[in-house]
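Worksheet for the structure shown next.
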């Protein structure tokens, strides 16, 4: 797949897998709209990635916010070629206790 000169959205892009995915796409020559709930972190990550990166603050579990992020990407880049969803917030809890696995 040719990535150079393609436009992507990466959700959950402020940190972790989303940030790494955005970095890889930009290194391959893509333009990326970074989307995340954390405004400060996603703005900082986009700034660090340079001119090929833009950002939107959105909760993509909400339809209107997800639609606005897509519209922002299309407006910024003139089109969209792909989306990588890395968004997700999982609560920390034990998976194994004295009585065995938690169900």
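Residue numbers (UniProt numbering): 1 to 103.
The beta carbon of each residue, even a glycine, is placed where N, CA and C say it ideally should be.
Just so we're clear, the structure is a prediction, and the values are computed from it rather than from any experiment.
Around residue 5, the same chain offers 29 as residues with beta carbons nearer than 7 Å, after the five sequence neighbours per side are excluded. Rounded to whole angstroms, the Cβ separation of residue 69 and residue 56 is 5 Å, and the two are in contact under 8 Å.
The alpha-carbon separation between residue 19 and residue 45 amounts to approximately 7 Å.
No residue range can be given for residue 88, since it is assigned to no beta strand (DSSP E) and is classified by DSSP as neither H nor E. Residue pairing by DSSP puts residue 33 in a beta bridge opposite 9, 54.
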